[in-house]
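> Just dropping this structure here.
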Amino acid sequence: MKSIAGRGFESLLGKVMTLPPFARTGRRKPVLSALGAAAAALALAGCAPGLDIDPLAPSDNNPGDMHAPPDGDGHDGASGPSDGDGSTPGDGNDGNGNGGPGNPVDNPPTGSIVPLFPEGGEMEPAVLEETASALITRFSDRARDRHAREDQYQKYEHYLHLYWEYRTAQVEIIDEVAKGGTKLTVNAKTLWKLDDQQAELRFFFRGIGTVAEYHDNGVMTPQDKYNYSRTVEFNARERRPLRVGDKIEFELSQFLDKNEPGFTGRDNYYGTTYLYIVGKGLVPWEGTGERRDSVEIPEKAWLGGRTTVHRNESNEPQNLFMQLATNMAPHNGQKFVQGRRVLHTSFIDGSHDESAENPTWVEQAGKAGPYFVSDSCDSCHRKNGRALAPEVGALLDKYVVKVGMPDGRPDPLLGEVLQPRSMAGAGEGTVSIARWVEEGGLRRPEYAFSGANPAAFSARVSPPLVGMGLLEAIPESAILALADENDSDNDGISGRPHVVSDKLTGQARLGRFGWKAGQPTVRAQTAAALRTDMGVLTSLYTTPDCGAQQSGCGPDGAELDEQQLDDLSHYVALLGVHAQRDYDAPEVVRGQQLFDEVGCASCHTATFQTSAYAKFAELRGQTIHLHRPLAPRHGSRSRRQSARGQRERRRVAYAAAVEHRAVGRCERGRRLPARRSRPHAERGHSVARRRGRSGQERVYGALRERQAGAARVPRVAVARVLARNGGPHATARRAARSRAASISALTSPGA
Numbered sequence: 004m005k006s007i008a009g010r011g012f013e014s015l016l017g018k019v020m021t022l023p024p025f026a027r028t029g030r031r032k033p034v035l036s037a038l039g040a041a042a043a044a045l046a047l048a049g050c051a052p053g054l055d056i057d058p059l060a061p062s063d064n065n066p067g068d069m070h071a072p073p074d075g076d077g078h079d080g081a082s083g084p085s086d087g088d089g090s091t092p093g094d095g096n097d098g099n100g101n102g103g104p105g106n107p108v109d110n111p112p113t114g115s116i117v118p119l120f121p122e123g124g125e126m127e128p129a130v131l132e133e134t135a136s137a138l139i140t141r142f143s144d145r146a147r148d149r150h151a152r153e154d155q156y157q158k159y160e161h162y163l164h165l166y167w168e169y170r171t172a173q174v175e176i177i178d179e180v181a182k183g184g185t186k187l188t189v190n191a192k193t194l195w196k197l198d199d200q201q202a203e204l205r206f207f208f209r210g211i212g213t214v215a216e217y218h219d220n221g222v223m224t225p226q227d228k229y230n231y232s233r234t235v236e237f238n239a240r241e242r243r244p245l246r247v248g249d250k251i252e253f254e255l256s257q258f259l260d261k262n263e264p265g266f267t268g269r270d271n272y273y274g275t276t277y278l279y280i281v282g283k284g285l286v287p288w289e290g291t292g293e294r295r296d297s298v299e300i301p302e303k304a305w306l307g308g309r310t311t312v313h314r315n316e317s318n319e320p321q322n323l324f325m326q327l328a329t330n331m332a333p334h335n336g337q338k339f340v341q342g343r344r345v346l347h348t349s350f351i352d353g354s355h356d357e358s359a360e361n362p363t364w365v366e367q368a369g370k371a372g373p374y375f376v377s378d379s380c381d382s383c384h385r386k387n388g389r390a391l392a393p394e395v396g397a398l399l400d401k402y403v404v405k406v407g408m409p410d411g412r413p414d415p416l417l418g419e420v421l422q423p424r425s426m427a428g429a430g431e432g433t434v435s436i437a438r439w440v441e442e443g444g445l446r447r448p449e450y451a452f453s454g455a456n457p458a459a460f461s462a463r464v465s466p467p468l469v470g471m472g473l474l475e476a477i478p479e480s481a482i483l484a485l486a487d488e489n490d491s492d493n494d495g496i497s498g499r500p501h502v503v504s505d506k507l508t509g510q511a512r513l514g515r516f517g518w519k520a521g522q523p524t525v526r527a528q529t530a531a532a533l534r535t536d537m538g539v540l541t542s543l544y545t546t547p548d549c550g551a552q553q554s555g556c557g558p559d560g561a562e563l564d565e566q567q568l569d570d571l572s573h574y575v576a577l578l579g580v581h582a583q584r585d586y587d588a589p590e591v592v593r594g595q596q597l598f599d600e601v602g603c604a605s606c607h608t609a610t611f612q613t614s615a616y617a618k619f620a621e622l623r624g625q626t627i628h629l630h631r632p633l634a635p636r637h638g639s640r641s642r643r644q645s646a647r648g649q650r651e652r653r654r655v656a657y658a659a660a661v662e663h664r665a666v667g668r669c670e671r672g673r674r675l676p677a678r679r680s681r682p683h684a685e686r687g688h689s690v691a692r693r694r695g696r697s698g699q700e701r702v703y704g705a706l707r708e709r710q711a712g713a714a715r716v717p718r719v720a721v722a723r724v725l726a727r728n729g730g731p732h733a734t735a736r737r738a739a740r741s742r743a744a745s746i747s748a749l750t751s752p753g754a
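In my numbering, the protein residues as written are 4 to 754.
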């Protein structure tokens with residue numbers, strides 16, 4: 004299979020070959036983990052990969068994958084490749100949130116796959132509409148604390164208390180200028196009456212007196228208690244009539260009428276800073292110049308299509324991955340914040356983990372467990388990001404540890420996941436990192452169990468959540484077109500999709516989420532994570548994770564309301580994606596050229612078009628750029644390989660400049676020599692492996708050709724384009740350093 008991949012939005016560059024869980028003998032053809040893990044593409048916005056630990060290991064003195072040491076930014080280094088989740092047969096969920104029994108389909112024909120979004124299926128109303136007289140844009144906004152450029156306060160991207168109570172707005176822009184007219188009208192519908200004198204909607208950024216100053220400061224006209232409108236025909240910045248191509252930065256403030264009966268909480272809020280291009284619609288923006296004036300980010304850098312959010316100008320990097328998609332549909336904004344409340348609520352006591360001013364959600368208290376890993380989604384997916392590696396000796400309480408028997412059965416005393424906590428006292432046992440073993444510039448963990456001794460286990464870090472809805476929206480045909488199970492084109496890259504049974508309908512679906520692509524939808528992945536990570540049952544998973552000989556697992560039956568599961572699924576699916584950084588930097592452009600020239604694109608598909616029939620309007624028909632180095636763990640180790648063979652393959656270092664944890668062995672199912680175990684590595688000495696049998700020579704040749712043309716290739720160009728395609732990446736920096744000498748030797752004059 005060419006170029007789909009592994010663990011989420013970040014992963015769609017390459018592919019993950021996975022095998023039947025805990026399989027030790029026999030020969031099976033590779034399985035493609037088509038889209039991957041519970042989270043999606045934090046890497047798009049610049050987060051390091053964290054640890055992806057050994058997918059299957061006997062518990063006796065188990066070595067995990069190699070890991071580069073964490074650097075100063077607190078993120079973990081790249082892990083060595085790995086081949087799947089080590090889950091039990093029929094595991095329906097991998098990655099963090101390892102759900103209950105799934106329903107893999109044995110050797111199904113890919114033609115039996117039923118699309119999630121068929122033509123004529125259920126579709127939400129469009130958010131962008133063209134009529135004969137106007138371009139109409141519809142979206143949702145949320146209340147904010149301060150303004151976008153006020154980096155001295157750092158209070159723009161966060162969420163204030165009671166954010167889920169009547170503090171979102173539905174907005175419609177009717178652009179008649181786009182069709183030859185003269186005016187642009189903005190209609191807003193709020194959930195609470197605004198103060199009529201302060202229903203501000205400000206246009207055209209000025210930024211001279213303050214960073215929140217606008218040329219046109221006006222208020223909307225109330226149409227009724229909750230509907231407001233304002234029309235503009237004049238470009239106050241250029242002092243002329245509006246015309247196509249004008250940029251209009253605007254901010255809608257929600258100054259709530261606190262005199263209305265039943266009002267609680269704060270009353271004065273600002274809104275998101277948007278940039279609208281007349282005749283085009285909403286676009287993500289970034290600040291430029293001394294005043295940080297907004298300009299459109301080029302479409303090539305919209306990694307999430309129109310879901311891409313504007314550049315952070317308020318110095319709040321910790322909050323980058325918690326934002327609404329820019330094109331959030333009007334009817335989904337409130338569901339988004341309600342789902343966010345679920346994610347931040349403890350299922351032990353109902354408390355919200357962000358502000359003491361948020362009231363206890365009594366209805367959710369007491370739903371965790373009896374056995375569980377953590378009491379809330381945010382405990383592991385902190386701020387929608389990836390968990391960090393714990394210190395040596397500290398418990399892996401932000402990780403999921405899959406357990407089972409060597410023959411694939413669930414552990415009779417533990418079930419499928421080690422759940423270290425219990426509402427009744429002691430949990431099933433604990434695990435910690437006993438020590439790190441460094442080898443060849445990389446490192447791997449060794450584990451220590453207490454109170455449990457699983458025959459086999461797999462530890463995996465909590466992954467990021469951003470981009471999952473976009474993964475779900477990629478049409479099956481686009482993924483299946485890349486399948487090449489038997490390497491018919493003889494390029495050394497092969498794999499097949501994973502077909503699973505939809506728990507709701509029983510239909511054959513393409514697996515998309517999890518280490519083995521064990522779940523077909525965001526909703527199923529979310530429900531599975533609730534079950535094993537928090538012990539919270541839903542309509543999709545009504546039985547707890549419990550071993551055959553285990554007692555005290557609690558009763559069957561859904562605990563979380565269907566509406567709350569729906570809200571949480573909406574939240575996870577519709578998070579905004581951040582734009583690529585430094586897209587025009589010469590070293591990034593050059594690195595991109597090298598990425599293509601040396602053959603990285605053979606395994607890494609950079610761009611997909613989401614389905615024209617996707618249910619969510621925000622995700623429909625989006626061009627998304629998945630060009631990330633953090634593709635999945637292209638598993639290099641088969642579970643059938645001996646422990647010695649596994650250790651040998653762990654020693655093979657990554658070819659740092661271009662691999663960056665992105666690729667691994669593509670052909671699996673037989674024990675290949677170490678030099679074939681990764682497309683980009685030749686026992687740690689090559690820069691990259693282009694593809695096929697003569698890959699190394701082609702790479703070296705390509706680099707020498709560049710040198711021959713008197714164009715010195717920046718030695719870290721490739722690493723930097725990978726690192727900056729969404730944010731800084733610790734692994735790329737380490738990778739660049741570790742291979743700098745090799746690349747420099749090839750690219751220096753006279754090489």
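Where is the CB? At the ideal position from N, CA and C, for every residue including glycine. Everything numeric in this text was worked out from a predicted model, so none of it was measured.
Is the separation between the beta-carbon of G307 and that of V580 shorter than 7 Å?
Counting from 1 along the sequence shown, the entry for residue 307 is found at position 304. Counting from 1 along the sequence shown, the entry for residue 580 is found at position 577. Their beta carbons are under 7 Å apart, which means G307 touches V580 by this criterion.
> Along the chain, where does the beta strand (DSSP E) that runs through S504 open and close?
Numbered from 1 along the sequence shown, position 501 holds the residue referred to as residue 504. Per DSSP, S504 belongs to the beta strand (DSSP E) from V502 to S504.
> Quick check on H573: does DSSP put it in helix, strand or coil?
Taking the sequence shown and counting its residues from 1, the one referred to as residue 573 is at position 570. H573: helix per DSSP, three-state reduction.
> Short check: CB of K386 to CB of H573, under 7 Å?
Residue 386 sits at position 383 when you count from the first residue of the sequence shown. Residue 573 sits at position 570 when you count from the first residue of the sequence shown. Going by C-beta atoms, K386 is not nearer than 7 Å to H573.
> Here's the rule I'm using: 16 or more other beta-carbon atoms within 10 Å means buried, otherwise exposed. How should E475 be labelled?
Your numbering for residue 475 matches position 472 in the sequence shown. Classification for E475: buried.
> Please confirm whether F619 and I477 have their CB atoms less than 7 Å apart.
Taking the sequence shown and counting its residues from 1, the one referred to as residue 619 is at position 616. Taking the sequence shown and counting its residues from 1, the one referred to as residue 477 is at position 474. It is not a contact, given that the beta carbons lie outside the stated cut-off.
> Out of V592, E488, E565 and S491, point me to the one whose CA is closest to G342's CA.
Here residue 342 corresponds to residue number 339 of the sequence shown, with the count starting at 1. Residue E565 is the option with its Cα nearest to G342.
> Among the candidates P121, D381 and L399, whose CA atom is the shortest distance from the CA of V575?
Counted from its first residue, the sequence shown places residue 575 at position 572. Out of P121, D381 and L399, D381 has the C-alpha closest to the C-alpha of V575.
> Can you tell me which of the three DSSP states F619 falls into?
For the purposes of this step, residue 619 is taken as the residue at position 616 of the sequence shown. Reduced to three states, the DSSP call for F619 is coil.
> At what residues does the beta strand (DSSP E) containing I280 begin and finish?
Here residue 280 refers to the residue found at position 277 when the sequence shown is read from its first residue. Looking at the DSSP string, the run of the beta strand (DSSP E) that includes I280 is T276 to I280.
> Under the DSSP definition of a beta bridge, which residues are partnered with N238?
If you number the sequence shown from 1, residue 238 lands on position 235. In DSSP, N238 forms a bridge with R243.
> Helix, strand or coil for S614 per DSSP?
Position 611 of the sequence shown, counted from the first residue, corresponds to residue 614. Coil.
> How about C383 and S461: are their beta carbons less than 7 Å apart?
Position 380 of the sequence shown, counted from the start, is the residue given in the question as residue 383. Position 458 of the sequence shown, counted from the start, is the residue given in the question as residue 461. Contact flag unset, no.
> At a cut-off of 6 Å, is W364 close to the ligand GTP when judged by its beta-carbon and the heavy atoms of the ligand?
The ligand GTP is not among the ligands present in this structure, which contains no ligands whatsoever.
> What residues match up with E442 in a beta bridge as DSSP calls it?
Residue mapping note: residue 442 aligns to position 439 of the sequence shown, counting from 1. Partner(s): L445.
> Could you check how far apart the C-beta atoms of L255 and W195 are, in whole angstroms? I think they sit under 8 Å.
As a position in the sequence shown, residue 255 is number 252, starting the count at 1. As a position in the sequence shown, residue 195 is number 192, starting the count at 1. So it is not a contact: roughly 14 Å between Cβ atoms.
> Taking just the CA atoms, how far does Y169 sit from Q595?
Position 592 of the sequence shown, counted from the first residue, corresponds to residue 595. Position 166 of the sequence shown, counted from the first residue, corresponds to residue 169. Each residue's alpha carbon lies about 45 Å from the other.
> Out of E419, T267 and I116, state which residue places its alpha-carbon closest to the alpha-carbon of Y166.
Within the sequence shown, residue 166 is the residue found at index 163, counting from 1. If we check each option's Cα against that of Y166, T267 comes out closest.
> List, from N- to C-terminal side, the alpha helix (DSSP H) runs of 4 residues or more that fit wholly inside the region 367-439.
The region 367-439 contains these whole alpha helix (DSSP H) runs: 380-383.
> Taking all protein chains shown into account, decide if T311 is buried (16 or more other Cβ within 10 angstroms of its Cβ) or exposed.
The residue given as residue 311 occupies position 308 in the sequence shown. Buried.
> One question on the structure: do V345 and L399 come within less than 7 Å of each other, judged by their Cβ atoms?
Counting from 1 along the sequence shown, the entry for residue 345 is found at position 342. Counting from 1 along the sequence shown, the entry for residue 399 is found at position 396. Cβ atoms of V345 and L399: not closer than 7 Å.
> Put Q625 into one of helix, strand or coil per three-state DSSP.
Position 622 of the sequence shown, counting from 1, holds the residue named residue 625. Q625: coil per DSSP, three-state reduction.
> If you drop the 5 nearest sequence neighbours on each side, which residues of the same chain put their C-beta closer than 6 Å to that of V406?
Taking the first residue of the sequence shown as 1, we reach residue 406 at position 403. Contacts found: D414, L417, L421, P457 and F460.
> Specify whether the region 269-279 and the region 144-151 touch according to this definition: at least 3 beta carbon pairs, one from each stretch, less than 8 Å apart.
Judged by Cβ distances under 8 Å, the region 269-279 makes contact with the region 144-151, as three or more pairs qualify.
> Are there 16 or more other CB atoms within 10 angstroms of the CB of K401, so buried, or fewer, so exposed?
Numbered from 1 along the sequence shown, position 398 holds the residue referred to as residue 401. Buried, by the Cβ-count rule.
> What is the DSSP secondary structure of T783, reduced to helix, strand or coil?
Summary: the structure shown does not reach residue 783, with the chain confined to residues 4 through 754, and so no result is reported for it.
> Would you decide whether R314 is buried or exposed? Buried here means 16 or more other CB atoms lie within 10 Å of its CB.
Here residue 314 is taken as the residue at index 311 of the sequence shown, counted from 1. Buried, because 16 or more other Cβ atoms sit within 10 Å of the Cβ of R314.
> By how many angstroms is the C-alpha of Y156 removed from the C-alpha of T171?
Numbered from its first residue, the sequence shown carries residue 171 at position 168. Numbered from its first residue, the sequence shown carries residue 156 at position 153. Going by the C-alpha atoms only, they are around 22 Å apart.
> Select from L577, L187, W439 and A191 the residue whose C-alpha is nearest the C-alpha of D227.
Within the sequence shown, numbered from 1, the residue matching residue 227 stands at position 224. If we check each option's Cα against that of D227, A191 comes out closest.
> Taking 8 Å as the limit between beta carbons, can you name the residues of its chain near E125, skipping five residues before and five after?
As a working mapping, residue 125 is identified with position 122 in the sequence shown. Around E125: K618.
> Mind checking which residues open and close the beta strand (DSSP E) that includes F208?
Within the sequence shown, residue 208 is the residue found at index 205, counting from 1. Segment E203 to F208, the beta strand (DSSP E) holding F208.
> On the DSSP letters alone, give me the boundaries of the beta strand (DSSP E) that K338 sits inside.
Position 335 of the sequence shown, counted from the start, is the residue given in the question as residue 338. Not the beta strand (DSSP E): K338 falls in the alpha helix (DSSP H), residues G336 to L346.
> If you drop the 5 nearest sequence neighbours on each side, which residues of the same chain put their C-beta closer than 6 Å to that of A215?
Against the sequence shown, residue 215 aligns to sequence position 212. Here the set comprises H150.
> V539 and E562: beta carbons closer than 7 Å?
Position 536 of the sequence shown, counted from the start, is the residue given in the question as residue 539. Position 559 of the sequence shown, counted from the start, is the residue given in the question as residue 562. Closer than 7 Å, so yes.
> For T188, which three-state DSSP category applies?
As a position in the sequence shown, residue 188 is number 185, starting the count at 1. Three-state DSSP puts T188 in a strand.
> Between P589 and L578, what straight-line distance do the alpha-carbon atoms span, to the nearest angstrom?
For the purposes of this step, residue 589 is identified with residue 586 of the sequence shown, where counting begins at 1. For the purposes of this step, residue 578 is identified with residue 575 of the sequence shown, where counting begins at 1. Approximately 30 Å between the Cα atoms of the pair.
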